[in-house]
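Only one structure is covered here, and it is reproduced in the block below.
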Amino acid sequence: MTIETLKQEDMPQLIELYKELVPPHIEFNASLERCLKTYETMEKDDRSFLAVAKEKGEIVGSALGICCQCLVNPFLVVEDVIVRSDQRGKGVGRMLMEALDQFAQEKGCAYSFLVSSDFRTGAHSFYESMGYTDGVVGFRKIYNK
1 MTIETLKQED MPQLIELYKE LVPPHIEFNA SLERCLKTYE TMEKDDRSFL AVAKEKGEIV
61 GSALGICCQC LVNPFLVVED VIVRSDQRGK GVGRMLMEAL DQFAQEKGCA YSFLVSSDFR
121 TGAHSFYESM GYTDGVVGFR KIYNK
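Mapping of the sequence shown onto this note's numbering: residues 1 to 145, in sequence order.
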């Protein structure tokens, strides 16, 4: 198992994996063209790290970290953490989160945070095991529904 930065040629595999993040009642609308355009922007930005876990050349997990500046201390936003359903419980998520922690520390981040849907209780236990606490209340506003 290796953790590496996403490569452009891996995008189709990642899009398939992302489909596991979307509940069945919501339409998945991430086209290859759209994702590649975003990838080109992210690739030039040293404040983002799109980590993928690979087993025998196949993507089995991914996590995105984006370092944000603020006046006091930078911080890391963690988003789109996904491990393929048949690979959960095998340490893939832990390796991805540890890679994001290392990235955050290299960027001088004071902390990281993430949000997780309230029904993902298994994921919540995992995040707690990684040192995240639920002592904050998160809100989000969705644009372009």
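We treat Cβ as the ideally placed atom computed from N, Cα and C, and that holds for glycine.
Tell me Gln55's beta-bridge partners as DSSP assigns them. Along the sequence shown, one-based indexing puts residue 55 at 55. Reading off the sequence, residue 55 comes out as Glu, not Gln. DSSP lists Glu58 as partners of Glu55.
Exercise. Can you tell which of Tyr127, Arg47, Cys109 has the C-alpha that lies nearest to the C-alpha of Ser116?
Worked result: Residue mapping note: residue 116 aligns to position 116 of the sequence shown, counting from 1. Measuring from the Cα of Ser116, the nearest candidate turns out to be Tyr127.
Would you tell me roughly how many angstroms separate the C-alpha atoms of Lys211 and Phe28, rounded to the nearest one?
This structure gives no information on residue 211, because the portion of the chain shown stretches from 1 to 145.
Whose C-beta lies closer than 7 Å to the C-beta of Ile15 among residues of the same chain, with five residues either side of it excluded?
Here the question's residue 15 lines up with position 15 in the sequence shown. Only Ala30, Leu32, Cys35 meet the Cβ criterion.
- Indicate the three-state DSSP secondary structure (helix, strand or coil) for Ala31 in the structure shown. The sequence position of residue 31 within the sequence shown is 31, counting from 1. First, the residue type needs correcting, since residue 31 is Ser and not Ala in the sequence shown. Of the three classes helix, strand and coil, the one that applies to Ser31 here is coil, per DSSP.
Got a sec, what are the start and stop residues for the beta strand (DSSP E) Glu4 sits in?
-> Sequence index remark: in the sequence shown, residue 4 carries index 4 (1-based). It spans 2-5 - the beta strand (DSSP E) in which Glu4 sits, taken as one unbroken run.
* Asked: Quick one: does Arg47 have its CB under 9 Å from some CB of chain E?
  -> Of the chains in the structure shown, none is chain E; there is only one protein chain.
(Q) For a test of the three-state rule: what should DSSP assign to Ala63, helix, strand or coil? (A) Counted from its first residue, the sequence shown places residue 63 at position 63. Strand at Ala63.
- Cα-Cα separation between Ile66 and Asp80, rounded to whole angstroms: Counted from its first residue, the sequence shown places residue 66 at position 66. Counted from its first residue, the sequence shown places residue 80 at position 80. Approximately 11 Å between the Cα atoms of the pair.
**Prompt:** For Met97, which of Asn73, Asp45, Leu114 has the nearest alpha-carbon?
**Reply:** Within the sequence shown, the letter at position 97 stands for residue 97. The candidate whose alpha carbon is nearest that of Met97 is Leu114.
From Arg120, Leu6, Ser112, Gln105, pick the residue whose C-alpha is nearest to that of Val136; which is it? One-based indexing of the sequence shown puts residue 136 at position 136. Of the candidates Arg120, Leu6, Ser112, Gln105, the one whose C-alpha sits nearest the C-alpha of Val136 is Ser112.
Could you tell me whether the segment 48-64 touches the segment 78-93, where touching means 3 or more Cβ pairs closer than 8 Å?
yes
- Per DSSP, what kind of secondary structure is Phe119 in: helix, strand or coil? Taking the first residue of the sequence shown as position 1, residue 119 is located at position 119. Reduced to three states, the DSSP call for Phe119 is coil.
- request: With DSSP as the reference, label Phe75 as helix, strand or coil.
  value: Locating residue 75 in the sequence shown gives position 75, counting from the first residue. Of the three classes helix, strand and coil, the one that applies to Phe75 here is strand, per DSSP.
- Task: Evaluate Asp118 with the Cβ neighbour count: other Cβ atoms within 10 Å of its Cβ, from every protein chain shown; 16 or more gives buried, anything less gives exposed.
- Result: On the sequence shown, position 118 is the one that residue 118 refers to. Per the 10 Å Cβ criterion, exposed.
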